[in-house]
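Accompanying notes for the structure given below.
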Amino acid sequence: MKKLPHLKEFKITESSKCIETFAEPAFHQNRFNEMLADMFSCLLELEVVHIASVNKLYDSTLCALIDACKNMKELALYGCDGISNAGFQSLPEKSGITSLHLNSTSVNDKGMEHICRSCPGLRNVSFAGCMYVTDISIKHLCTHCPNLESLCVSDPEIFYHKSNITDGGLDYLSQNSHALRSLTMCNSAQISDLGLDQLARSCSNLMQLDVSGCLSVSDNTLQVLAQHCHHLQTVNFSECVHLTGKGINPLVTSCKWLKTLNVANCPFVQNLNFEAFDQIETPYDRVTLAADPELVEENNPENSTQTCDNTNHKTDEKSELDRSRARANFLSALTCSSIPSPKVHSELRFLNLGLCSKVTDHCLRQIAMYCPDLRELDIKGCFNTTDLGISYIARGCQGLKLLNISSGSMIQKMCLTDQSLVSIATHCKGLRQLFIEKNPLMSLDGYKNLFDHCSLPCTVSLTTKSPEILKTDILSMDSGVNSCKRVNVFCRGCYKGNIYHLDVLLYNSDGHILE
Numbered sequence: 001m002k003k004l005p006h007l008k009e010f011k012i013t014e015s016s017k018c019i020e021t022f023a024e025p026a027f028h029q030n031r032f033n034e035m036l037a038d039m040f041s042c043l044l045e046l047e048v049v050h051i052a053s054v055n056k057l058y059d060s061t062l063c064a065l066i067d068a069c070k071n072m073k074e075l076a077l078y079g080c081d082g083i084s085n086a087g088f089q090s091l092p093e094k095s096g097i098t099s100l101h102l103n104s105t106s107v108n109d110k111g112m113e114h115i116c117r118s119c120p121g122l123r124n125v126s127f128a129g130c131m132y133v134t135d136i137s138i139k140h141l142c143t144h145c146p147n148l149e150s151l152c153v154s155d156p157e158i159f160y161h162k163s164n165i166t167d168g169g170l171d172y173l174s175q176n177s178h179a180l181r182s183l184t185m186c187n188s189a190q191i192s193d194l195g196l197d198q199l200a201r202s203c204s205n206l207m208q209l210d211v212s213g214c215l216s217v218s219d220n221t222l223q224v225l226a227q228h229c230h231h232l233q234t235v236n237f238s239e240c241v242h243l244t245g246k247g248i249n250p251l252v253t254s255c256k257w258l259k260t261l262n263v264a265n266c267p268f269v270q271n272l273n274f275e276a277f278d279q280i281e282t283p284y285d286r287v288t289l290a291a292d293p294e295l296v297e298e299n300n301p302e303n304s305t306q307t308c309d310n311t312n313h314k315t316d317e318k319s320e321l322d323r324s325r326a327r328a329n330f331l332s333a334l335t336c337s338s339i340p341s342p343k344v345h346s347e348l349r350f351l352n353l354g355l356c357s358k359v360t361d362h363c364l365r366q367i368a369m370y371c372p373d374l375r376e377l378d379i380k381g382c383f384n385t386t387d388l389g390i391s392y393i394a395r396g397c398q399g400l401k402l403l404n405i406s407s408g409s410m411i412q413k414m415c416l417t418d419q420s421l422v423s424i425a426t427h428c429k430g431l432r433q434l435f436i437e438k439n440p441l442m443s444l445d446g447y448k449n450l451f452d453h454c455s456l457p458c459t460v461s462l463t464t465k466s467p468e469i470l471k472t473d474i475l476s477m478d479s480g481v482n483s484c485k486r487v488n489v490f491c492r493g494c495y496k497g498n499i500y501h502l503d504v505l506l507y508n509s510d511g512h513i514l515e
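Each residue of the sequence shown is one higher than the one before, starting from 1 at the first, in UniProt numbering.
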């Protein structure tokens, strides 16, 4: 490292394994920290430092890093539980650090106060897994770091840690951090609709929000987000068990930039309805109104009076006629190769409805019509869906790359049959991953037909009671359909004595396997 004095980035990943390898009597943890401190003294131009899983990193080593690397802009410490407030005592008054990750360290509110005073330019902060950090740290961030854009107070991967942040912390953010773009506070049992509502009204530029596992969150929060946070792109409400379609519907139809929506494990999600997209005026509509004086006259509120009962009646009849015509067109479209999309629709790319057991075919029809650009869809454990719902999805979302229609339960099973496989193979030509585990009504013939007609390359995860599927010749392709297709079967195990869990990889004979 001494030969690289102009090095800008330094990262240690999975280092605990390396330490164990070198952990001989002549090379114990003291020597390791001495080596790091000596190395940092030579790398004076470091700007980015990531250190992960070094649970014996000393405060003195961190001080040596801060003392030597005056140009450091990003510091990330993951799983360094030996780091405490003392490690940051050498911070200068005006440090240039703008990104700080202290996941699972021993820093507390007093240490965070010193950090915030010394690093007023902080924009990205994470203290997930820091069990001694409370709302007081949020107050220090809001007071001393006015440009805060991203905050993570808890991480879903740190399952043993529950956040100490409450609605009081959200109140500080609402009053001071109007530039906030991203907030992650999953498994925060002490936050509720009250705190999130205030945040949504004040931080209208939010683009990413993760409150998964926050059991007090309800439809009210989603409705307020739909009214005030139109720039949302990624939201995670998984395991927010009180959510229903009343909150999801306005969120999807109002946030036109929304790309990722996760509401997995929300058992009361049902009655999805995105028909509000039909009421959104497009630039084409405005041009049409401007070019047609009669339409302008009809839409001018000054020319309408309360006595025009006949006109209102005709308008109602026309609206009802239009709705009936739209429904008829949609039903007739089921016989076609694809479902026509409305003029305005959702930009969703990733949707997770896993284990939302009340989702029905009607919900899938709404998704097929108003979310045609989906690339990944997870509806495992949606036990009330049938082959008809999968047909809607296959016809309406033909750009899917990943589809999960597995059961997701050891007890209850899906009711899908080979007909779902036919719809998928026929219409989803871009599919690369398909999960169809624990679908007992799907047969070996259905699997073989899927393998014959699906596009390449593709990985299919399935379970079956038929040991015949393990034989390569059973899955060999019909020469008239896909003579160049190859099949590899990987058995991931057998449970309950007779149910095989398989991954089937389909690829071209020229070796172009799934990227």
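Virtual Cβ for every residue (Gly too), placed ideally from N, Cα, C.
With 16 other Cβ atoms within 10 Å as the buried cut-off, status of residue i
| i | result |
| --- | --- |
| Asn488 | exposed |
| Pro5 | exposed |
| Gly399 | exposed |
| Cys119 | buried |
| Pro25 | Residue placement at Pro25 cannot be trusted, given a pLDDT of 43 that sits under 50; what the coordinates show is reported in the next sentence. Per the 10 Å Cβ criterion, exposed. |
| Glu9 | exposed |
| Ile411 | exposed |
| Phe22 | The predicted position of Phe22 is uncertain, since its pLDDT is 47 and thus under 50; no value can be drawn from it. |
| Leu502 | buried |
| Leu295 | Its pLDDT being 48, under 50, Leu295 is placed unreliably by the model, and nothing is read from it. |
| His345 | buried |
| Asp38 | exposed |
| Lys70 | exposed |
| Gln366 | buried |
| Ser455 | exposed |
| Ser178 | The question names Ser, but residue 178 in the sequence shown is His. By the 10 Å Cβ count, His178 comes out exposed. |
| Asn32 | Checking the sequence, you will find Phe at residue 32 rather than Asn. Buried, by the Cβ-count rule. |
| Thr13 | exposed |
| Cys308 | At Cys308 the pLDDT is 42, less than 50, meaning the model places this residue with poor confidence; the figure from the coordinates comes in the next sentence. Cys308 is exposed by the Cβ-count criterion. |
| Leu44 | exposed |
Delimiting residues of the alpha helix (DSSP H) encompassing residue i
| i | result |
| --- | --- |
| Cys63 | 59-68 |
| Leu222 | 219-228 |
| Ile51 | It is not in any alpha helix (DSSP H) - Ile51 instead sits in the beta strand (DSSP E) that spans 48-52. |
| His453 | 444-453 |
| His345 | From DSSP, His345 is part of no alpha helix (DSSP H); its letter is neither H nor E. |
| His101 | That residue, His101, is in no alpha helix (DSSP H); its beta strand (DSSP E) goes 99-101. |
| Asp81 | Careful: Asp81 lies outside any alpha helix (DSSP H) and carries neither H nor E. |
| Phe40 | 29-40 |
| Leu441 | Note, Leu441: premise wrong, no alpha helix (DSSP H); not H, not E. |
| Leu194 | 193-202 |
| Ile424 | 418-427 |
| His114 | 109-118 |
| Ile248 | 245-254 |
| Ser137 | 135-144 |
Span of the beta strand (DSSP E), counted from its first residue to its last, around residue i
| i | result |
| --- | --- |
| Phe435 | 433-436 |
| Thr184 | 182-185 |
| Ser150 | 150-154 |
| Tyr78 | 74-78 |
| Leu170 | First-last for Leu170: 167-176, but that is the alpha helix (DSSP H), not the beta strand (DSSP E). |
| Asn404 | 402-404 |
Check whether residue i and residue j have beta carbons under 8 angstroms apart
| i | j | result |
| --- | --- | --- |
| Pro372 | Cys397 | yes |
| Ile83 | Leu100 | no |
| Ser218 | Leu243 | yes |
| Leu251 | Leu209 | no |
| residue 518 | Gln433 | Look at the range of the chain in this structure, 1 to 515, and you will see that residue 518 is not part of it. |
| Tyr78 | Asn103 | yes |
| Lys413 | Lys438 | yes |
| Ala189 | Val224 | no |
| Gly121 | Phe88 | no |
| Ala128 | Ser154 | yes |
| Asp135 | Gly169 | yes |
Those residues which DSSP pairs with residue i across a bridge
| i | result |
| --- | --- |
| Val235 | Leu209, Leu261 |
| Phe10 | Val49 |
| Ser126 | His101, Cys152 |
| Phe350 | Thr260, Glu376 |
| Thr360 | Asn384 |
| Thr463 | His501 |
Proximity test, residue i beta-carbon vs the ligand NAP heavy atom, cut-off 7 angstroms
| i | result |
| --- | --- |
| Ser99 | The ligand NAP is not part of this structure, which contains no ligands at all. |
Interface flag, residue i vs chain D, CB-CB below 8 angstroms
| i | result |
| --- | --- |
| Ile393 | The structure shown contains no chain D; it holds only a single protein chain. |
* Pairing CB atoms from the stretch 225-238 with CB atoms from the stretch 160-175, are three or more of them under 8 angstroms? -> Using a C-beta cut-off of 8 angstroms, the stretch 225-238 makes no contact with the stretch 160-175, since fewer than three inter-stretch Cβ pairs fall below that distance.
* Should the stretch 433-444 be called in touch with the stretch 389-396, which here means at least 3 C-beta pairs below 8 angstroms? -> Contact between the stretch 433-444 and the stretch 389-396 is absent: fewer than three C-beta pairs spanning the two stretches fall below 8 angstroms.
* the stretch 360-380 contacting the stretch 400-407, beta-carbon criterion three pairs below 8 angstroms -> With three or more CB-CB distances shorter than 8 angstroms, the stretch 360-380 counts as touching the stretch 400-407.
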